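Trainee: Chains as they are written, first to last, in the numbering used here: chain D, 2 to 708; chain C, 7 to 58. Here's a structure for you.
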Amino acid sequence: MSTKSTTLEQFSYDNKIVRNFAIATIIWGIVGMLVGVIIATQLFEPAANITQYGSFGRIRPLHTNAVIFAFVGNAIFAGVYYSLQRLLKARMFSDFLSNFHFWGWQLIIVSAAVTLPLGITTSHEYAELEWPIDIAITLIWVTFGINMFGTIFKRRERHLYVAIWFYIATFITVAVLHLTNSMQLPISAFKSYYVYAGVQDALIQWWYGHNAVAFFLTTPFLGLMYYFLPKMANRPVYSYRLSILHFWALIFIYIWAGPHHLLYSSLPDWAQSLGVVFSIMLIAPSWGGMINGLLTLRGAWDQVRENTLLKFMVVGITCYGMATFEGPMLSLKNINAIAHFTDWIVAHVHVGALGWNGFLTFAMLYWLVPRIFQTTLYSEKLIKTHFWIGTIGIALYAIPMYISGFTQGMMWKQFTAEGTLQYGNFLDTTLQVLPMHMMRAVGGTLYLLGAIIMGYNLFKTMAQGTLLANEPAEAAPLAVEEQPEVGAHWHRWIERKPIQLLVASLIMILVGSLVELIPTFMVKSNVPTIEAVQPYTSLELEGRDIYIREGCVGCHSQLVRPFRSETERYGEFSKSGEFVYDHPFLWGSKRTGPDLHREGGKYPDSWHYHHMREPQSMSPGSIMPAYGVLYEQSLNTAQTQDKLQAMKQLGVPYDEAQIKNAVADLTKQSKEIQARLAEEKIKVGADKEIIALIAYLQRLGTDIAKK
Amino acid sequence: MFKQFISNIPGADSYMIFSLVTFMVFFTAVGIYMFWMDRKHLDRMKNLPFEK
């Protein structure tokens, strides 16, 4: 049976958009990695925190956003725009939409690069950008979707190759994740509060965070692997059957696993358990992809010896296998108890990011740039250099971080024979791992150097070639009326119908999401309320916003887990009812410094005053940056009333008087703190930001102690 | 060691069984249709990236 007419249609592939995204990938990749090296340096040399705009708390999200959304994001678009056109035998649906997508995405990246150092952040990890940028992301993502589906609808190839399934699943899932995790109530153009609070906010965030890894860093790259690896090795994928199995299994199972980021937290036990068991199951589909990738090279390993691009692919796919084996292991509660909040997680993430995403991107760029520029690569030798520098960089990054992670996890839990904490001073555990942090910075620098070499090599390649902006192609159009295929397998129904594929993918991801999210929101007993827990005062709320602005959550958790080693060190373990007014939650994911949930009342106000100005004066050897500006900047109270009003709208029980007197109450509490500081011979204006921050820190975790 | 892992998960029995059933049903269903897939069709699909 034939569904094609006999006349061939002439058309062309748009290579210009591929070039644009490729250039953006190179530039943003280098920028994002450079910021990574800077923050790595700040983690052993606090003097590298230059001005408030360059402090670790503010630029750590800049690094993560730059490498995830700017570097990897642009790489995805470059690869998708190249492969989609060829797999569908059609030019992109609309050149205007392609260009709108490209420039819109770059504008979003620039907005992130401006707002994050300014401290404009929502504090949700990998979703820090404020609401106007969230709307822009939605608009551009929809543009991408329309352009992709428009191309699919006008295609000249009936069947959708498996890579396109991964692209479709990526599109729909990222849309669902982004919309759900961006539900915010705006206060102003640059400030909003999440509509979710505490435990529920944590679940939404890590449902998003985990699946951002799944559907932004994994599924699109599997799609790219299924297109570019066969092209590079000049042989088809090992098993098309396996690709189908692991596609459906991956998108179905991945979405359940988010709660493994919240083990031993205040999240209900049943949700934690579901997260664990589905995380363990994830090994199967993840390794399905890895095995399919590596076995594609069976009988062609001699090519790997000669072909550096294949070397990049092999290391990349192997790193994917390592990271996806380690992920389920880390989700086992016993292992998580030691690994969570430590550098182990940083190592785990970077094996995936540097190996899988980075190396696949590098190989893809080396492969497609000379093709669209009708030339050969400028220097093969430089590619080899890049490969080895990059590989050594990954090893030098990951190994010290693993050692650091084990060390931290063990030291935090070490008791003496007398039953007291061996390392009662948290700082001892941080100082112990500083040499590892230094080595990590060396590893990161090598990796960055490799990327710079690639940039040079590729720009020279572009300079010596000429862009084939519109690559001529020809293919027969699809017949308008499709005849039913006698005896065809039913799955072909879905392979040829992009909308069915989209809907089926959506159903797959919604099953797990709804099972986990709905009960946590609807069943009251999942978050037992505690009567003593009261909303923050207006000053504390402003202090909390400073805490968010400065990115304190990047180094300090606010979640005491129910371990003796933690209750001994910090105090009573955290209860879900304590976070009901926390829009957003601030549990954090890493402890470079100690947990702060029971910080309130632990030290006098004066301790915080001195500590924030010069951390080393109170904690000799501390790597925390100094926050001198908090002593100079006056607290902006112009929006205080609006903030309380917004919180009230979100269900925080402020009464009308509290909202009306928000600023007056704030001033009164500020003066009380000022007076307490004056008793210790500290002179400071009551309107300074440090006062609000002290008020917040002194409030933390104290409600349950009230009678 | 694995016994210890499992016994440390609260409510493990019901979640394990639920997950195992979901896992089995899902993989069996996908496995069955994969088994039925036509080899010729699969060969054509896996060669799509090479078509000019």
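Where a beta carbon is used, it is the ideal one built from N, C-alpha and C, also for glycine. Please read all numbers here as calculations on a predicted model, not as lab measurements.
1. Determine, using beta carbons only, whether C:K52 comes closer than 8 Å to chain D.
2. With a cut-off of 8 Å, does the C-beta of D:P329 fall near any C-beta of chain C?
3. Say whether chain C places a C-beta atom closer than 8 Å to the C-beta of D:V115.
4. CB D:K649 to CB D:I660, shorter than 8 Å?
5. Does D:P478 come out as helix, strand or coil in the three-state DSSP assignment?
6. Would you check if the distance between the CB atom of D:R614 and the CB atom of D:Y571 is smaller than 8 Å?
7. Rounding to the nearest angstrom, what Cα-Cα distance links D:Q433 and C:E57 in this structure?
8. Less than 8 Å between the C-beta atoms of D:S84 and D:Y228, yes or no?
9. Within 10 angstroms of the Cβ of D:L502, are there 16 or more other Cβ atoms? Answer buried if so, exposed if not.
10. In angstroms, rounded to a whole number, what distance separates the CA positions of D:F94 and D:G105?
11. Kindly indicate the opening and closing residues of the beta strand (DSSP E) around D:Y14.
12. In three-state terms, what does DSSP make of D:I27?
13. Just verifying my parser: in three-state terms, what is the DSSP assignment at D:L636?
14. So what does D:F416 bridge to, in DSSP terms?
15. Is DSSP giving D:L355 helix, strand or coil here?
16. Within its chain, find whatever has a CB closer than 6 Å to the CB of D:L243; leave out the 5 residues flanking it on each side and keep chain order.
17. For C:M30, which residues in chain D fall below 7 Å Cβ to Cβ?
18. List the residues that DSSP assigns as beta-bridge partners of D:Y195.
19. D:E690 lies in the alpha helix (DSSP H); which residues open and close that run?
20. If distances are taken between C-alpha atoms only, which option among D:F78, D:F57, D:I695, D:M625 comes closest to D:A25?
21. Run the CB neighbour count on D:A41, radius 10 Å, all protein chains shown included, and call it buried at 16 or more, exposed below.
22. If the cut is a Cβ gap below 8 Å, which residues of chain D does C:V36 touch?
23. Mind checking if D:K232 is an interface residue toward chain C, Cβ cutoff 8 Å exclusive?
24. How is D:P473 classed by DSSP in three states: helix, strand or coil?
25. D:V238 versus chain C: which residues are under 7 Å apart at the beta carbon?
26. Hey, D:M291 and D:A364: beta-carbon distance below 8 Å or not?
27. Is the shortest distance between the beta-carbon of D:K5 and the beta-carbons of chain C less than 8 Å?
28. Can you name the residues of chain C whose CB is closer than 9 Å to the CB of D:Y291?
29. Based on the DSSP output, what are the partners of D:S318 in its beta bridges?
30. Can you grab the Cα-Cα spacing for the pair D:G146 / D:A91, in whole Å?
31. Under 7 Å Cβ-Cβ, which residues of chain C neighbour D:F154?
32. Hey, D:L678 and D:D596 are a contact pair by Cβ (cut 8 Å); roughly how many whole angstroms apart?
33. Is the CB-CB distance between D:N148 and D:L98 below 8 Å?
34. If the criterion is Cβ atoms closer than 8 Å, does the pair D:D688 and D:L645 meet it?
35. Could you check whether the Cβ of D:M282 sits closer than 8 Å to any Cβ belonging to chain C?
36. So, with DSSP's three-state summary, where would you put D:I51?
Mentor: Taking the definition as stated:
1. yes
2. no
3. no
4. yes
5. coil
6. no
7. 57 Å
8. yes
9. buried
10. 17 Å
11. 10–15
12. helix
13. coil
14. D:L422
15. helix
16. G289, N293
17. What C:M30 touches in chain D: nothing, since even the nearest Cβ is about 11 Å away.
18. D:Q185
19. 690–700
20. D:F78
21. buried
22. I245, L246, W249, A250
23. yes
24. strand
25. K52
26. no
27. Interpretation of D:K5 is limited by its pLDDT of 47, a score under 50 that renders its predicted location unreliable; the figure taken from the coordinates is listed afterwards. Not an interface residue.
28. Correcting the residue type first, residue 291 of chain D is Met in the shown sequence and not Tyr. Within chain C, no residue comes near D:M291; the closest Cβ sits about 18 Å away, beyond 9 Å.
29. In the sequence as presented, Ser is not what sits at residue 318 of chain D; that position holds Ile. D:I318 pairs with nothing; no bridge assigned.
30. 16 Å
31. Per Cβ cutoff of 7 Å: no residues; D:F154 is ~18 Å from chain C at best.
32. Their Cβ separation, rounded to whole angstroms, is 25 Å, which puts D:L678 and D:D596 out of contact at 8 Å.
33. yes
34. no
35. yes
36. strand
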